[in-house]
Structures are given as C-alpha cells and as structure tokens.
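Residue numbers (our numbering): 203 to 701.
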C-alpha cells in the first residue's frame, strides 16, 4: 500500500515541479531529470543516461529511496505479538492405587476405536505412553519427543484422572506414572511354578505365579527393605469354541516407571515428551499386585480378568477379551477366530497391556476414573501455568522511519499543491500534446537522426521555456521556445486570453 501511494504522489509532484520550472525557463536536463524519474528504477536510469550527477539527481534518488524503506518500516513498525505470563499452581492427580479390585467398566474395551491416537480417554483422563514401543534400551533415560507421532501406543485404554486443570490458559506440567508391562520371551516354561488357575470361562484360562506359603515372610522383608524379587509370570491360555487349536503364552510382568511432559490448551492435553524415570522407587519386578503385604491373594484381579464376559460365546467363537487381542475395534461385534498366538509379540504385548492396566486403574475406584474424585485418593503436584495474550508491539526505530518517510511524502505533496497553484501553463509533459504545441525552436532543429536519450544528453544545457511568444498581442500564444535575441518570450499571465 505504501509504495503505491508514494509512487502516485511523487510522480505527480515531480511532473508538477517540471512544468513550473518550464514556465519560468530552465535547462532541458532539469526537465528530463524531473519527468524521467517517475519510479525508483527510472530515477536511477535517468541519471545514468543523462550522465548528470548533480544535487538535483541526488535529491531525487534519496526521495525515491524512501519508498522501499518506508514500505518495510510500515510493515515492521507495529506487529502483533504474544505475551506469556507464567504462574505456579497445584495439580490434583490420583495417588497410588489401593489393594481393592472392583469390576471394570466395559468401556475399557468398547472405547478402543474412539481412543485410537487420542492422548485422553473418554473421561478426559491422561493416558500414559508405552515407552517400550519408543525405545528398546531399558537403561535409556533420555527424553523421547512424541508430539509429532501420530499412532502413539499407550499402556492402557483409560488414563490417570487429573482435576483442577485451567479451562482456557495454555499450561504444561510433568508427572510420573507407572504401568504393568507384560513381556513375552521367545520361549518360556512355567511348569515349575505354583500357579493360581482361574478358568470361569472355558475359552479363556489365565494363571499367575504365587509365592509359596513359607516364602511370604521373606518376600515381605524384601518389599520393606527395597530388595529385588523374581518377576511374576502371567500365563495366558485361550481357544476358539468348537475348534481344537489353542493359544498359550507366558508373560513376565514388570513395572515400568516413566516421566511424562504434558502440554495442554485448556483441558485438552497431549504428551510432548516421555522418558524412563531415572530414579526408580523400587525394582521393576515389583508390580501393583504386590502392594502392601497381601502377596498371595491376587485371585480377585485374575477372576475379574477372566470372567469379564462370562458366557458370551455360547454361540461359538471366542470371548471378547480374547477377540480384543486380534481385533480391538470389533471385540464385541465380530466373532473373530484369530488365535492370539499368531499375532506378533509386540502387538500381543501392547494389547495385553491395555487389558491389564485398564482393569488395574479402574479397580482403584470406577467413580474416580469416571469423574467422581475422592480426596483420599488425591495427590497434589506443582504445575507451571502459562497464559498467552495477544499484544501489539511497537518497534521504535521502524516507527521513526515510517513517520519520517510519511512526513517527507506529505511535504512533497503539499509543495506540489502550492507550485501547481502558481503554474499558469498547461500540463503537457509526458504526453504527445507537447509535440503539438507551437514552438520557436528553429535554432536547434538539427541532429534529427539521434535517439531521444542521446539528443537530450547533448542538449541538456540548452535553456527552454514554455511561455507567451506574442506577449504584446491582445490574445497571446503559448509555445515551447528557446529564448534568442530575435524572439521575445513573455510569461503566461492569469488575466490574459490565449489561443
């Protein structure tokens, strides 16, 4: 916008100044400099072709330099910006789970398709990324950026409840979490372990290793002193109703501790980075099933896990718990007969993690996960709040430049108005009308073979005037003249008629 307005005003002003100078009589070079400098490029070209480097030429060049400079200044003087205001607050999250198993909601499975790629579950709880799918090195505690990963694997279908999030501001926080990671070795043998066998559903059998009665006291001492223990083995056995094939897997259960950086816009949150926690509260062989002193009684969890859809396959096929492993999006709708044993280990481990950890989180208390938070399960974490405001930022230097350019442009326009008011002759410069005027230039009618630029360069010192060549007549005549001794030229007068 600024360059267009600048060019329009300066071009008209220079032509007005040239007409005024022609009325009073001036050299051809001055007229050519003023009329030919109608743009930034032409201002430079005109000085070069006329081979004139005088004060007028420098003034014209400096004037046109204000066009790009003022344009950039207009763009940079005032610009929108963002201001961030930091504050510190408290974030309420769910504390460590209690040893109470409550039947999980069916939503842990039927919401799988809706939760694909989402960082929050159906109730807005924050899901914990599964670090094993991001880095295979168990000792790597470096941060892994996950903000640009579209299909991020999570440890469960439900997340950790978080309340008191600001509803509008942008904010970020880091929290620590843990989940059970089922690891399926290439080959495993659980025949030497004392198993708790749960088989309420004839197409699904699950087992979990248990310590012997005489080892419980020693296990309790290890737990209290922070020593290691042997990892539990989760045994999975399933078969398709009406078929002879079956699946069998032995999974070692470990606890993975992670730190997660979250970035939120209001109550919508997504993880930006995740890492394995560098400082573990205890060895990963201890799981949530070992909390407190009841090391020998996880049958409640096992029974709920195996009997969630009791009797659902009377018409054939497999229970939805098994179908979820093969087709998570159609666990309740399709009679998928794919055997879990045919799945890749990573896929089976991830989906089995969904089932185990979803039930463990829901077993704390379904109401807490579904929005009804109780204070006894709450824990406070510090949170850094960042509020963003849109402001207008002024650059002083660019503002001075744009004001100075505008002031010069206003001054040129005002001077052109004054000069135009004092100019009596018609404005014919830059038009063929100039060639149709009467003239008294017989003394310089030579060199007709020369180009215009070459001729003007040679004749730039010749003085010309647009004036009255019949000053004593009642009706005068305006013509372009070269003042000579035998030619009388008068100035155009306001109160005289001309033909």
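Glycine included, every Cβ here is placed at the ideal spot set by N, Cα and C.
All of these numbers come straight from a predicted model, not from anything done at the bench.
| Check | Outcome |
| --- | --- |
| DSSP state of residue 395 mapped onto helix, strand, coil | Note that residue 395 has pLDDT 39, beneath the 50 cutoff, so the model's placement of it is unreliable and the number below is only indicative. The answer is coil: DSSP assigns residue 395 none of H, G, I, E or B. |
| Inter-residue CB distance, residue 360 and residue 328 (contact presumed, cutoff 8 Å) | About 10 Å; that fails the 8 Å criterion. |
| Cut-off 6 Å between Cβ atoms - residues of its own chain near residue 474, not counting five sequence neighbours on either side | 349, 463 and 465 |
| Counted within 10 angstroms of its Cβ, other Cβ atoms place residue 357 as buried (16 or more) or exposed | buried |
| Contacting residues, own chain, Cβ-Cβ under 7 Å from residue 238 (five flanking each side not counted) | 244 and 248 |
| Proximal residues to residue 222 (C-beta, below 8 Å), its chain only, five neighbours per side dropped | 621, 622, 624 and 625 |
| Three-pair Cβ contact test at 8 Å for the region 365-372 versus the region 541-555 | no |
| Limits of the unbroken alpha helix (DSSP H) element including residue 461 | From DSSP, residue 461 is part of no alpha helix (DSSP H) but of the beta strand (DSSP E) over 448-467. |
| Selection from 323, 549 and 554 that minimises the alpha carbon distance to residue 523 | 554 |
| Beta-carbon spacing of residue 488, residue 531 below 8 Å | no |
| Assumed close pair residue 354, residue 346 - CB separation to whole angstroms, cut-off 8 Å | No, residue 354 and residue 346 are not in contact; Cβ-Cβ is about 10 Å, not under 8 Å. |
| Residue 399, buried or exposed, once every other Cβ within 10 Å from all chains shown has been counted against 16 | Residue placement at residue 399 cannot be trusted, given a pLDDT of 44 that sits under 50; the coordinates are not used to answer. |
| Burial state of residue 695, where buried means 16 or more other Cβ atoms lie within 10 Å | exposed |
| Pairwise C-alpha distance: residue 240 and residue 668 | 21 Å |
| Contact set for residue 627: own chain, Cβ-Cβ below 8 Å, skip 5 residues either direction | 221, 224, 225, 668, 669, 680 and 694 |
| Candidates 382, 457, 310 and 440: closest to residue 409 by CA position | 440 |
| Three-state secondary structure (DSSP) of residue 302 | Residue placement at residue 302 is poorly supported in this model, since its pLDDT is 48, which falls under 50; the coordinates are not used for a value here. |
| Integer-rounded CB distance, given that residue 571 should sit under 8 Å from residue 564 | 6 Å |
| Straight-line gap, residue 378 to residue 414 (C-alpha atoms, nearest Å) | 33 Å |
| Nearest to residue 289 (by Cα), restricted to the options 664, 586, 227 and 267 | 586 |
| DSSP-derived helix/strand/coil call for residue 589 | strand |
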